[in-house]
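Numbering (our numbering), first residue to last: 17 to 202. Working notes, beginning with the structure itself.
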């Protein structure tokens, strides 16, 4: 049972957020759009008017499709010189946002998927493991390795700050550093 008008309204309301999550995974606007469209096409027959549960279903499909595509064919990604503005938190300035996105783009795809789910979407380890088809210990290890790599990223390294951004980068580094010890205890 599906409601075409309700489905279209759902896509208008939630499409940008779905695309943003897909973009964080793929690092490419076109691939993100393909990923979201594929997930919506797969899930459309199950739309029942309950947007909250349907969004969770679509997001699960996005992550599983991403992993499936990645397993089938690795494309040898190269970090982009120009990261798109995906409209994240207002307290972070645009330059820092681009730095974080570039640092994310350098991560292996599975580690990036783990970080997007854990820290951009605030999902618990068990849910991340289920969505990606990984063991919980593997999710913790990938999260730890990815955070370590972000801490060492040239895009977030000291000395590269533009005037006036020193405090923003310091707070970003602190937020990236904070979960690591807590993560290993979980």
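Think of the CB as a built atom: it goes at the ideal place given N, C-alpha and C, for glycine as much as any other residue.
For this session: Answer yes if the region 57-67 comes into contact with the region 133-150, meaning at least three C-beta pairs across the two stretches below 8 Å, and no otherwise.
Result: no
Exercise. Count the other CB atoms within 10 Å of the CB of residue 138; is the residue buried (16 or more) or exposed (fewer)?
Worked result: exposed
Exercise. Assuming residue 83 and residue 148 make a contact with CB atoms under 8 Å, what is their CB distance in whole Å?
Worked result: Yes, they are in contact, since the Cβ atoms of residue 83 and residue 148 sit about 6 Å apart, within 8 Å.
For this session: With distances taken Cα to Cα, identify the nearest neighbour of residue 140 among 119, 155, 122, 25.
Result: 155
Problem set entry | residue 49 - DSSP class collapsed to helix/strand/coil | helix
For this session: Just mark residue 128 as buried or exposed, buried being the case when its beta carbon has 16 or more other beta carbons within 10 Å.
Result: That one is buried.
Exercise. Between the beta-carbon of residue 34 and the beta-carbon of residue 74, is there less than 8 Å?
Worked result: yes
Problem set entry | Neighbourhood of residue 123 by C-beta, 8 Å cutoff - its chain only, sequence neighbours within 5 removed | 131, 162, 165, 166
Exercise. Residue 54 to residue 32, Cα distance in whole Å?
Worked result: 15 Å
Exercise. Which two residues bound the contiguous alpha helix (DSSP H) that contains residue 158?
Worked result: Its alpha helix (DSSP H) spans residues 152-167.
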